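Peer 1: Start counting the sequence shown at 1; every next residue gets the next number (the UniProt record's numbering).
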Amino acid sequence: MKFEKSADGQFRLMMSKAEADKVSDALLKKAGELNRSTLDFAYLAAEAVLSMDNNFRQPESFYHGESHAS
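#1: What's the gap between the Cα of R57 and the Cα of S51?
#2: Roughly how many whole angstroms lie between the Cα atoms of T38 and L27?
#3: DSSP beta-bridge partners for K2?
#4: Check this for me: beta carbons of E4 and R12, under 8 angstroms apart or not?
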């Protein structure tokens with residue numbers, strides 16, 4: 001996990017998929033004790049992990065009216 005501040009004053013948090021998964025799981029287990037901002041971060045991290053697992057891509061020809069039905 002890496003946390004840095006840019007020259008223009010913005011902050012950036014970078015973490016691996018495994019780190020994001022671990023952080024979101026730990027935070028969501030304590031959801032009843034946490035404030036809204038922390039929960040928003042936990043849900044955002046969990047959503048990022050799930051989107052990394054989703055490799056679905058719509059076939060290009062779908063938008064050109066071709067049928068893939070058999």
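For each residue, glycine too, the CB sits at the ideal point set by N, CA and C.
Computed from a prediction, not measured in an experiment: that's the story for all the values here.
Peer 2: On the basis of the data shown:
#1: Cα to Cα, R57 sits roughly 12 angstroms from S51.
#2: T38 and L27: Cα-Cα distance of roughly 8 angstroms.
#3: DSSP output for K2 lists M14 as bridge partner(s).
#4: Cβ atoms of E4 and R12: closer than 8 angstroms.
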